[in-house]
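The block underneath contains the structure these notes are about, expressed in structure tokens.
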Amino acid sequence: MIFDVSYWTRVFKRILYVVFILLGLYIGLKLSVFYMPFLVAFIISLMVEPAIKFIMRKTNLTRRTSSIIIFVIVSLIILGTLTWLIITLFSESSSLLQGLNNYFDKAYIQFQSLISTFNYDKIHLSSEVLSVIENSTEDLLTTASNWLRGALTGLINFITSLPSIAICIGITVVALYFICVDKIYILDQIEYHLPKVWVKKIRVHLKDLIDSLGGYLKAEATLILVSFIVSLIGLYILEFSGFNVQYPLLMALFIGFVDALPILRIRNSNDSMGYFMRY
């Protein structure tokens, strides 16, 4: 039997690549709490970079001045939006958590009413089968109620942990300022301290990553953001018009979350709004 050294060497290298990739993902997830504010700041800086260049072209201001203007505007928008989101989410989550049992009782009563009005003579269902259906429905509603109650409780606990949230937001804002204002200086320092070969490879790989993954994430983020904003505006318009629309922010977040599932190809999430409107 001939032992092909080159073949097994390639196999061993590929196995090592997979092991290192999995190890890197594991370490990256474990350390995400430390670098996540900087990653968010970097992503926001990429989004506001066209606005900075636009102001530089139209006003002939320096990059530092243009960056500070955009930074102030973006910071005010982010802080104002986060403040409103935290207050509204806490209020709606607490209210929904208090009336959760009432909503599921209404759903169970509606299901019982539907069963009572259905003509079972055509399909010849026995009383045992009907009992199994009723018990299964009750168990399903109980499981859904417990899951939703746990999710709302976790959301409220997350919102109430304001010190840690404030620290992350503060680090993100500070990192965003330095990335926007001193971007050229940061790039110069990286090129100065790293070997030129590394800098070229990093630049090529980073550009490819931004072009490929960035384009996909931009499309998905645009879809989610548009769906969330349109749903939120529509729900608040209905609420201000006198309709009984409760928890508009939570409903809009749920619709945006459904649109964030591209693997399942759920694109008609606005149809789910009719289910919530019944309550």
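Under the working numbering, the first residue of the sequence shown is numbered 1078, with each subsequent residue one higher.
The beta-carbon is built from N, C-alpha and C at its ideal position, and this holds for glycine as well.
Treat the numbers as computed from the prediction; the structure is a model and nothing was measured.
query	result
Is there at least one non-hydrogen atom of the ligand SAM closer than 8 Å to the beta-carbon of I1104?	Among the components of this structure there are no ligands whatsoever, and the ligand SAM is therefore not found.
Could you tell me which whole beta strand (DSSP E) segments of length 3 or greater appear in the segment 1256 to 1336?	none
Taking the alpha carbon of G1176 as the reference point, which residue from L1330, Y1324, G1333, S1152 has its own alpha carbon closest?	Y1324
Along the alpha helix (DSSP H) that carries T1160, what are the first and last residues, could you check?	1140 to 1175
Can the beta-carbon of I1147 be found less than 9 Å from the beta-carbon of I1120?	no
How far does the alpha helix (DSSP H) with L1093 in it reach, from first residue to last?	1082 to 1107
How many Å lie between M1049 and L1309 at the Cα?	Since the first residue shown for the chain is 1078 and the last is 1356, residue 1049 is missing from the structure and cannot be characterised.
Taking 8 Å as the cut-off, does the segment 1213 to 1226 touch the segment 1138 to 1157 (at least 3 CB pairs, one atom from each stretch)?	no
On the criterion of 16 or more Cβ atoms from any shown chain inside 10 Å, does P1114 qualify as buried, or is it exposed?	buried
With a cut-off of 8 Å on the beta carbons, I'd call L1326 and L1166 a contact; round off their distance for me.	6 Å
What residue from V1151, L1229, L1108, L1093 has the CA that sits closest to C1257's CA?	V1151
Is it the case that the Cβ atoms of L1218 and A1184 are separated by a distance below 9 Å?	yes
Considering only their Cβ atoms, is the gap separating K1260 from S1144 smaller than 9 Å?	yes
From L1173, K1273, H1282, Y1180, pick the residue whose C-alpha is nearest to that of L1229; which is it?	L1173
With 16 as the cutoff for other CB atoms within 10 Å, does F1305 come out buried or exposed?	buried
For E1169, which residues from the same chain have a beta carbon less than 7 Å from its beta carbon, with the 5 sequence-adjacent residues on both sides left out?	Y1324, L1326, L1327
On the three-state DSSP scale, how would you describe L1116?	helix
If you check the beta carbons only, do A1118 and T1249 fall under 9 Å apart?	yes
Look at the alpha carbon of D1336 and the alpha carbon of V1307, and state the distance between them as a whole number of angstroms.	13 Å
Using CA coordinates, which residue listed in V1149, L1162, S1171, S1222 is at the minimum distance from D1182?	S1222
Are V1274 and I1267 closer than 9 Å when you measure CB to CB?	no
Considering only residues of the same chain and omitting the five flanking positions on each side of M1133, which have a CB-CB separation below 8 Å?	T1139, R1140, S1143
If the criterion is Cβ atoms closer than 9 Å, does the pair I1163 and I1242 meet it?	yes
Between G1333, Y1254, G1311, which lies nearest to E1126 when the distance is taken from Cα to Cα?	Y1254
Let me check understanding here. Comparing Cα to Cα, which of Y1103, Q1187, S1122, F1089 lies closest to V1251?	S1122
Mapping the DSSP letters down to three states, classify L1338 as helix, strand or coil.	coil
Report yes if the CB atom of V1303 is closer than 9 Å to the CB atom of Y1313, and no otherwise.	no
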